[in-house]
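One gets the working numbering by counting positions in the sequence shown from 1 and adding 1098 to each. Shown next, in structure tokens, is the structure this report addresses.
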Amino acid sequence: MPNAPIRTAVFPVAGYGTRFLPATKAMAKEMLTVVDKPLIQYGLEEAMAAGITRFVLVTGRGKQAIEDHFDLAYELQATLKARGKEAAVAEITDYLPPPGAIHYVRQREALGLGHAVWCARELAGEAPFAVVSPDDLVLSRTACLKQLVDAYETLGGNLTAVMDVPRADTARYGVLATPDPDSRTPRVDGLVEKPAPEAAPSTLSIIGRYILQPEIFEELGRHERSVGGEIQLTDAMAALIGRQPFHGLRFEGERFDCGTKDGWLAANIAYALADPARRAAAAATVRRFAAELDRD
Ligand code: UTP
């Protein structure tokens, strides 16, 4: 029997973004822009490229700008039209999914990524679904989630995007235990959240892209807190190992952790250089600063 298609993606956007203060004091982290688009727009566009038609955003207080970004801006649109700025009108409307395709649910308390995903259970339903953390950006030829969906068609079960990290950094990630660490789709035997480098079972680390089976909600419903006092998604995923197929996918592309200031800065440079309209100006700026650094 073919694997059920992935049509729903859950976007957890209720976190406090404490690593990006003061920017995130009064604005949603997911509205931070990389060049000219907010992180959440990149997330939805990536999901659309993967065939997703139903978008579930788990939001919280102070995140209204996200809903506004996916609504019409009548006054602005009318003004732009009256001024003949059709290209600008396209820029504020082209990315909008069809009416009714986005669903919002509030997490109420930021108890962790696992809890945020659990809050989407009624909207995600009984089918397998994707999870996209919008603060992880992946610059790639093929949308990262599309790569996962393609791999899922053959492998089924649960899948997570993984990348090799320096051993010194494992304490920042969920890390795989796997019998075939060199495979493109390593089988997952175990998952450890934020292990110390000496305790890490491998250096293959999870980034914010997943395909999960609906049984994950039973596990998340236990509300077990672990690392950092949070309800972790990795703990619930670990409980599915052995019951369902579970693989990592070494994706093609470069991932930027835009939840950190350094990752966000790097993403801005990389995305500007990758954009034909920005490349020349961005390259000139990078060269100027590089020359200054060489003189230091
Ligand atoms: P992070 O752990 O990076 O987000 O979660 P955070 O907690 O906002 O950031 P810091 O650590 O305080 O800087 C990744 C994604 O999960 C969401 C975040 O909004 C982000 O998009 N998230 C996290 C939730 O929706 N709810 C939570 O309880 C935690």
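Every residue, glycine too, gets a C-beta built ideally from N, C-alpha and C.
Taking a 10 Å sphere around the C-beta of Tyr1308, we find 16 or more other C-beta atoms and assign the residue as buried. Beta-bridge partners assigned by DSSP to Ala1107: Phe1153 and Ala1228. Between the segment 1225–1232 and the segment 1336–1344 there are fewer than three inter-stretch CB-CB distances shorter than 8 Å, so the stretches are not counted as touching.
Taking a C-beta distance under 7 Å as the contact criterion, Leu1243 and Ala1145 qualify as a contact pair. A Cβ closer than 5 Å to some heavy atom of ligand 1 marks a residue here, and those residues are Pro1110, Val1111, Ala1112, Gly1113, Tyr1114, Gly1115, Thr1116, Arg1117, Ala1208, Gly1210, Leu1211, Ala1214, Ser1231, Asp1233 and Gly1357.
Annotated three-state conformation of Gly1212 is helix, per DSSP. Glu1251 counts as exposed, since fewer than 16 other beta carbons sit within 10 angstroms of its beta carbon. Secondary structure note for His1321: it is in no beta strand (DSSP E), with a DSSP letter that is neither H nor E. Between Val1286 and Ala1218, the CB-CB gap reaches or exceeds 7 Å. The three-state reading of DSSP puts Gly1198 in coil, since its state is none of H, G, I, E or B. Secondary structure in the segment 1346–1385: the beta strand (DSSP E) runs of 3 residues or longer, each lying completely within the stretch, are 1352–1355 in chain order. Remark: C-beta atoms of Ala1364 and Leu1371 do not approach each other more closely than 7 Å.
Contact between Glu1350 and Ser1238 holds, with the beta-carbon distance rounding to 5 Å and staying under 8 Å. Under the 10 Å beta carbon count, Gly1327 is surrounded by fewer than 16 other beta carbons and is classified as exposed.
Under the DSSP assignment, Tyr1308 falls in the beta strand (DSSP E) whose first and last residues are Leu1302 to Leu1310. As far as DSSP is concerned, Thr1252 takes part in no beta bridge. As a beta-bridge residue in DSSP terms, Met1261 pairs with Ser1303. A straight-line Cα-Cα distance of about 35 Å links Gln1311 and Glu1189. In terms of CA proximity to Met1125, Ile1164 leads the group Glu1322, Ile1164 and Val1203. The beta-carbon distance between Val1247 and Ala1148, rounded to whole angstroms, is 5 Å. This is short enough to meet the 8 Å contact definition. In the three-state reduction of the DSSP assignment, Glu1291 falls in the strand class, which pools E and B. Non-local beta-carbon contacts of Gln1139 in its own chain, meaning distances under 8 Å to residues more than five positions away in sequence, involve His1167 and Tyr1193 in chain order. Our two residues, Ala1185 and Leu1178, have alpha carbons roughly 9 Å apart in a direct line.
With 16 or more other CB atoms across the displayed protein chains lying within 10 angstroms of its CB, Pro1284 is buried.
Annotation: the continuous beta strand (DSSP E) that includes Ala1275 extends over Gly1272 to Ala1275.
Comparing alpha-carbon positions, the option among Ala1112, Gln1175 and Ile1200 lying closest to Ile1150 turns out to be Ile1200.
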